[in-house]
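Below is one structure, written out as structure tokens, with a few remarks after it.
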Amino acid sequence: MSNTQTLTIQVPATTANIGPGFDCLGAALSLYNRFQFTRLADDAEAPIIQATGQGAEQLPTDDKNLVYRAFVSTYQHLGQTPPAIKIDIHLDIPQARGLGSSATAIIAGLIGANQFANQPLDPADLLQLAIDLEGHPDNVVPAMVGGCCLAAKDLAGKWQICPIDWSPEVVPIVAIPDFELKTDLARNALPDTCGYGDAIFNMAHLGFLIKGLEQADPALLKTALDDKLHQPYRLQLIAGFAEAYQAALKAGAYGLVISGAGPTLLALGDRESAGAIASAIRNQWQTANRSVETQVLKIDRQGAIAQFT
1 MSNTQTLTIQ VPATTANIGP GFDCLGAALS LYNRFQFTRL ADDAEAPIIQ ATGQGAEQLP
61 TDDKNLVYRA FVSTYQHLGQ TPPAIKIDIH LDIPQARGLG SSATAIIAGL IGANQFANQP
121 LDPADLLQLA IDLEGHPDNV VPAMVGGCCL AAKDLAGKWQ ICPIDWSPEV VPIVAIPDFE
181 LKTDLARNAL PDTCGYGDAI FNMAHLGFLI KGLEQADPAL LKTALDDKLH QPYRLQLIAG
241 FAEAYQAALK AGAYGLVISG AGPTLLALGD RESAGAIASA IRNQWQTANR SVETQVLKID
301 RQGAIAQFT
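In structure tokens, the structure reads:
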């Protein structure tokens with residue numbers, strides 16, 4: 001590998017939880033951030049970080065940048081000194097909206113470092129590092145491997161990953177409002193404990209969700225998206241959810257949930273009604289003088305892609 005080569009990494013957005021799958025289920029979406037890594041001369045001042053796209057002005061461009069922190073942490077894990085590096089970031093995924101923007105940064109930094117270190121870590125190693133950095137698996141796992149993924153920690157403390165079949169007949173529609181919701185704020189809205197009844201409710205509904213996604217079964221999906229562990233506490237942070245929920249159902253959605261920690265909302269529907277669902281949510285929020293962008297997306301099946309040029 002020449003030191004002058006540029007590594008380009010594309011990482012998909014993700015939607016986490018999907019109703020009852022709190023902190024363990026996520027899916028990759030057809031919306032992307034792109035990262036270019038160029039190795040600099042060894043005596044160069046590092047890092048050089050530039051960002052363009054949605055919210056680029058909010059990103060730190062020094063060693064506090066999350067992409068660079070993940071890059072350095074990989075070399076620390078390997079017991080090596082990171083090279084001087086230039087990182088160009090282009091953002092198409094809005095930040096602090098519940099679409100896994102921070103997960104894309106972590107995945108890009110890990111993969112970038114592993115590539116420049118001649119790939120000593122296998123994908124399973126990288127996933128373990130990514131989950132350690134993010135704190136939970138629901139965004140970083142699908143961002144790396146694509147598709148819909150369920151993650152669970154075994155009794156030895158190691159994360160195990162299970163791919164979930166998501167029928168192409170089940171279409172994800174996102175509604176992205178023009179305000180941010182920091183993950184810390186959404187986490188702080190949750191109680192410290194939950195009752196057995198709520199836990200059992202979610203376990204049962206997660207089973208319905210997995211089967212409903214696989215079979216594109218409307219009856220299962222209309223039941224599956226209910227949740228009692230996180231959404232009841234976070235809805236107060238997202239004005240207009242109840243009205244958007246009713247509008248989405250009336251347009252043919254199976255349900256409407258908070259994407260990740262929010263404030264983006266995720267609706268699921270079939271191909272025929274997807275456009276109408278997006279319009280209904282947008283019109284409802286605009287009627288209430290709230291600005292929102294809606295997009296009909298697909299499930300990204302590839303995950304992170306890295307290529308040297």
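Each residue of the sequence shown is one higher than the one before, counting from 1 in the UniProt record's numbering.
From the three backbone atoms N, C-alpha and C, an ideal C-beta is built for every residue, glycine too.
Just so we're clear, the structure is a prediction, and the values are computed from it rather than from any experiment.
Residue environment, residue i, which counts as buried when at least 16 other CB atoms sit within 10 Å
{"i": "Ala-248", "result": "buried"}
{"i": "Phe-308", "result": "exposed"}
{"i": "Thr-14", "result": "buried"}
{"i": "residue 324", "result": "For residue 324 there is no data in the structure shown, the boundaries of the chain being 1 and 309."}
{"i": "Ala-219", "result": "exposed"}
{"i": "Pro-12", "result": "buried"}
{"i": "Glu-57", "result": "exposed"}
{"i": "Arg-187", "result": "exposed"}
Three-state class that DSSP yields for residue i in the structure shown
{"i": "Tyr-32", "result": "strand"}
{"i": "Pro-12", "result": "strand"}
{"i": "Thr-52", "result": "strand"}
{"i": "His-205", "result": "helix"}
{"i": "His-77", "result": "helix"}
{"i": "Glu-45", "result": "coil"}
{"i": "Gly-258", "result": "According to the sequence as given, residue 258 is Ile; it is not Gly. Here Ile-258 sits in strand by DSSP."}
{"i": "Asp-125", "result": "helix"}
{"i": "Ala-175", "result": "strand"}
{"i": "Ser-2", "result": "Only weak support exists for where Ser-2 lies, its pLDDT of 45 falling under 50; the value from the coordinates is given anyway. In this structure, Ser-2 counts as coil in the three-state DSSP scheme."}
{"i": "Asp-198", "result": "helix"}
{"i": "Ala-143", "result": "helix"}
{"i": "Gly-135", "result": "coil"}
{"i": "Glu-169", "result": "coil"}
{"i": "Leu-249", "result": "helix"}
Straight-line gap, residue i to residue j (C-alpha atoms, nearest Å)
{"i": "Ala-267", "j": "Ala-130", "result": "27 Å"}
{"i": "Tyr-245", "j": "Thr-294", "result": "14 Å"}
{"i": "Asp-178", "j": "Gly-79", "result": "42 Å"}
{"i": "Phe-208", "j": "Ala-117", "result": "43 Å"}
{"i": "Ser-102", "j": "Leu-155", "result": "28 Å"}
{"i": "Phe-241", "j": "His-205", "result": "21 Å"}
{"i": "residue 346", "j": "Leu-91", "result": "Nothing can be reported for residue 346: it is not among the residues displayed for the chain, which extend from 1 to 309."}
{"i": "Pro-82", "j": "Tyr-68", "result": "10 Å"}
{"i": "Asp-88", "j": "Tyr-196", "result": "47 Å"}
{"i": "Leu-150", "j": "Arg-282", "result": "30 Å"}
{"i": "Pro-163", "j": "Ala-124", "result": "14 Å"}
{"i": "Gly-269", "j": "Lys-158", "result": "35 Å"}
{"i": "Ala-199", "j": "Thr-193", "result": "10 Å"}
{"i": "Ser-2", "j": "Arg-271", "result": "Any reading at Ser-2 must be qualified, since the residue scores a pLDDT of 45, below 50, and its modelled position is unreliable; no value is offered."}
{"i": "Gly-252", "j": "Asn-33", "result": "30 Å"}
{"i": "Glu-243", "j": "Lys-64", "result": "39 Å"}
{"i": "Tyr-75", "j": "Ser-273", "result": "47 Å"}
{"i": "Gln-115", "j": "Lys-222", "result": "43 Å"}
{"i": "residue 343", "j": "Ile-49", "result": "In the structure as shown, the chain starts at 1 and stops at 309, and residue 343 therefore has no counterpart that could be examined."}
{"i": "His-230", "j": "Leu-185", "result": "13 Å"}
Contact test: residue i Cβ vs the ligand ZN heavy atom, cutoff 7 Å
{"i": "Leu-31", "result": "Annotation note on the ligand ZN: not contained in the displayed structure, which lists no ligands."}
Contact check, residue i vs residue j, beta carbons under 8 Å
{"i": "Pro-94", "j": "Ile-210", "result": "no"}
{"i": "Ala-84", "j": "Ala-44", "result": "yes"}
{"i": "Ala-143", "j": "Ala-28", "result": "yes"}
{"i": "Cys-24", "j": "Asp-165", "result": "no"}
{"i": "Ala-278", "j": "Ile-173", "result": "yes"}
{"i": "Ile-305", "j": "Ile-9", "result": "yes"}
{"i": "Ile-111", "j": "Val-140", "result": "no"}
{"i": "Ala-189", "j": "Leu-237", "result": "yes"}
{"i": "Ala-96", "j": "Lys-182", "result": "yes"}
{"i": "Pro-232", "j": "Gly-98", "result": "no"}
{"i": "Gly-275", "j": "Val-145", "result": "no"}
{"i": "Leu-297", "j": "Leu-31", "result": "yes"}
| said: Three or more C-beta pairs under 8 Å: does that hold for the stretch 218-227 against the stretch 3-20? | reply: yes
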